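Visitor: Numbering (the UniProt record's numbering), first residue to last: 1 to 339.
We put the beta carbon where it would ideally sit given N, CA and C, even for glycine.
The model shown is predicted, which means the values in this text are computed figures rather than measured ones.
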């Protein structure tokens, strides 16, 4: 399977007037395969919106309902129709993301990461045991060397007791973890884990999927906030959440194409301080992209730039699986949530 992009006929959408009033003059549907299964998906798809300030991305996962996904549309509209904040830095240090693969593949991904000295290792997947996770982390440590940083991401898979036990072993395997991302689901559980382990705790789902993204900070449940532009509704709201939290922030990808990554890089470039590598090297996980100039790391960093869609664009109706119709229906529902 290769990447595919199709142009939607605005006149055939149920919401062309609303998009036009927002300044959107082009809507594309994209489908890009992944090199490895990630977040239990093999293909990424979504919308690309063009307006007076360039391209924005709207690519909520299919298991998100319309109310939650509306924030992703707000982010795409903001990026396409409003100027982004002035950047404070020209490049963003990034981490390599290691999916649930064997130790040899994990080491190869580090070696091919474009000079990244920080790695985020996915753990707690149903396909993987704790012993498998430790072996993957050990391989990453060997590939990075003693000076590299390792963080793990459990995607809220553990109970409190499971998290405490697993993080003790993973911390040993890593020779010290930078932090553990979202070990448990609830804010209360995160606070309990944080009180019982020496590993710093980062909150992701408890920020981007929460009605109140600041609840984590008020509860003292995390040391670091993982911030994602699309789920939070755009760059401006994300910056406000960070400022009000008083915590360190890491800007991360929502498995965006280079269009979304370029917007997230501007978010990271606008933070007053940036003490951690950001999770914005995820275009490496795709087998292709929506642009001929994908945003990939060099010397462990990505540039702060705006991506443009340059890959061949066909008719969205020709995309397989009725993808254009599905996204047209979803776009109508998301616009309804904005009213």
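Is it buried or exposed for residue 289, if we count other Cβ within 10 angstroms and need 16 for buried?
Guide: Buried.
Visitor: When DSSP builds the beta bridges, which residues end up paired with residue 43?
Guide: Looking at the DSSP assignment, residue 43 forms a beta bridge with 33.
Visitor: In chain order, what residues of the same chain have a beta carbon less than 6 Å from the beta carbon of residue 85, not counting five sequence neighbours either side?
Guide: These residues qualify, in order along the chain: 270.
Visitor: What did DSSP end up calling residue 298 once you bin it into helix, strand or coil?
Guide: Residue 298: strand per DSSP, three-state reduction.
Visitor: Find out if the Cβ-Cβ distance for the pair residue 87, residue 250 is shorter than 8 Å.
Guide: The answer is no: Cβ separation not under 8 Å.
Visitor: Determine the DSSP secondary structure at residue 325, reduced to helix, strand or coil.
Guide: DSSP places residue 325 in helix when its eight states are reduced to three.
Visitor: Less than 6 Å between C-beta atoms, sequence neighbours within five positions excluded: which residues of the same chain meet that for residue 22?
Guide: Only 77, 81 meet the Cβ criterion.
Visitor: Quick check on DSSP: helix, strand or coil for residue 68?
Guide: If DSSP states are grouped into helix, strand and coil, residue 68 belongs with the helices.
Visitor: Measure the CB-CB distance between residue 177 and residue 208 and report whether it falls below 8 Å.
Guide: No, these two residues do not count as a Cβ contact at 8 Å.
Visitor: List, from N- to C-terminal side, the alpha helix (DSSP H) runs of 4 residues or more that fit wholly inside the region 157-211.
Guide: Qualifying alpha helix (DSSP H) stretches, in chain order: 160-174, 187-196, 205-208.
Visitor: Leaving out five residues before and five after residue 74 in sequence, what residues of the same chain have Cβ atoms less than 6 Å from its Cβ?
Guide: Closer than 6 Å at the Cβ level, and outside the excluded window around residue 74, lie 233, 234.
Visitor: Three or more beta-carbon pairs under 8 Å between the region 115-126 and the region 307-319, yes or no?
Guide: No: the two stretches stay apart, fewer than three of their Cβ pairs being nearer than 8 Å.
Visitor: When you compare only the Cα positions, how much space is there between residue 272 and residue 256?
Guide: Approximately 24 Å, taken between the alpha carbons.
Visitor: Count the other C-beta atoms from every protein chain shown that fall within 10 angstroms of the C-beta of residue 293, then say buried if there are 16 or more, exposed otherwise.
Guide: Looking at its Cβ environment, which holds fewer than 16 other Cβ atoms inside 10 Å, residue 293 is exposed.
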